[in-house]
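Okay, structure first, notes after.
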Amino acid sequence: MAAPRTTTTATDGKPSKCPTTQHPSSRFVESCGRILFHLSTSQICLIRRLTSQSNSNKTTDQEDEYLLPKGRRNIHESRHSCAIREAYEETGYTAKLLPIDLLSRATDPGFDRKEENGGEEEKDEARLWRRVEETFMLTTRQLPDAEGVKLIWQFVGRIDESVEKGRGEEGFCAEVFGFEEAVGKVTFQEDREVLLEAVRLVRGTYGL
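Following the numbering used here, the numbering of the sequence shown begins with 352 at its first residue and continues without gaps.
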């Protein structure tokens with residue numbers, strides 16, 4: 352005779368001490384972006400969505416939007432690779448990684464608990480890392496109609512000036528601006544905050 356099955360429900364366990372929100376894979380989407388710096392001219396690339404262009408002899412009265420290049424991550428694709436691919440697809444520019452100095456809570460792979468810290472765990476705190484190629488900003492956004500959340504991972508990069516620019520995505524135009532002008536041009540406040548942080552980090556690292 353088979354033993355009776357025990358059913359465990361989500362309410363049987365001990366609750367976490369920290370406020371927690373969990374999303375199954377069907378309820379979130381990842382997007383990756385890369386702020387593209389043109390280092391030789393101290394400029395930043397934005398993409399302009401051509402909402403005011405003429406279409407079938409009808410011109411809309413909407414203003415064009417200035418956006419940051421980003422897009423959804425493919426299955427099996429790393430976030431770094433996604434950010435580089437999306438930057439190229441949307442702007443036509445080939446991007447390279449741009450190491451920066453930044454504070455991060457990522458752990459040190461060389462941390463030795465036994466020898467240096469008496470078996471203590473590495474503290475969960477922000478540390479200054481020099482010339483690293485890491486996410487500098489994470490944005491979370493509610494999807495329309497309560498369909499879940501979008502996670503947007505932001506990186507910095509530099510335009511590879513040795514490679515000819517490609518066409519970019521139809522309906523968009525890639526343009527470069529000085530740092531302050533780019534911040535003023537970008538349409539959405541959240542993008543401005545991302546851009547300001549990227550500029551601060553790149554200036555702090557390279558003295559631009």
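For every residue, glycine included, the Cβ atom is placed at its ideal position computed from N, Cα and C. Note that this is a predicted model, so its numbers are computed, not measured.
About 14 Å separates the CB atoms of Leu397 and Val507; that is not less than 8 Å, and the two are not in contact. When the alpha-carbon of Glu381 is set against those of Leu390, Thr491 and Cys524, the nearest one is in Thr491. Of the candidates Pro420, Thr372, Ala446 and Thr392, Ala446 places its Cα closest to the Cα of Val514. A contact between stretches requires three or more CB pairs, one per stretch, nearer than 8 Å, and the segment 480–498 meets this requirement with the segment 534–548. For the 8 Å CB-CB criterion, Leu401 and Ala438 do not form a contact. In the same chain as Gly522, and ignoring 5 residues on each side of it, the C-beta atoms closer than 6 Å to its own belong to Leu401, in chain order.
Excluding sequence positions up to five before and after Met488, its CB lies within less than 7 Å of the CB of Gln505, Val545 and Glu548, all in the same chain and listed in chain order. The Cβ neighbour count for Lys421, taken over all protein chains shown within 10 Å, is at least 16; the residue is labelled buried. In this structure, the beta-carbon distance from Glu526 to Arg399 falls below 8 Å. Listed in chain order, the beta strand (DSSP E) runs fully inside the segment 373–436 are 379–389, 394–400, 416–418 and 421–423, counting runs of at least 3 residues. The shortest CA-to-CA distance from Thr392 to any of Ile451, Gly529 and Val483 is the one to Gly529. For Glu531, the closest of Phe462, Ile395 and Cys524 by C-alpha to C-alpha distance is Ile395. Judged by their CB atoms, Phe379 and Leu559 are not nearer to each other than the 8 Å cut-off. It is roughly 25 Å from the alpha-carbon of Glu416 to the alpha-carbon of Arg430. Rounded to whole angstroms, the separation of the alpha carbons of Leu479 and Ala533 is 27 Å.
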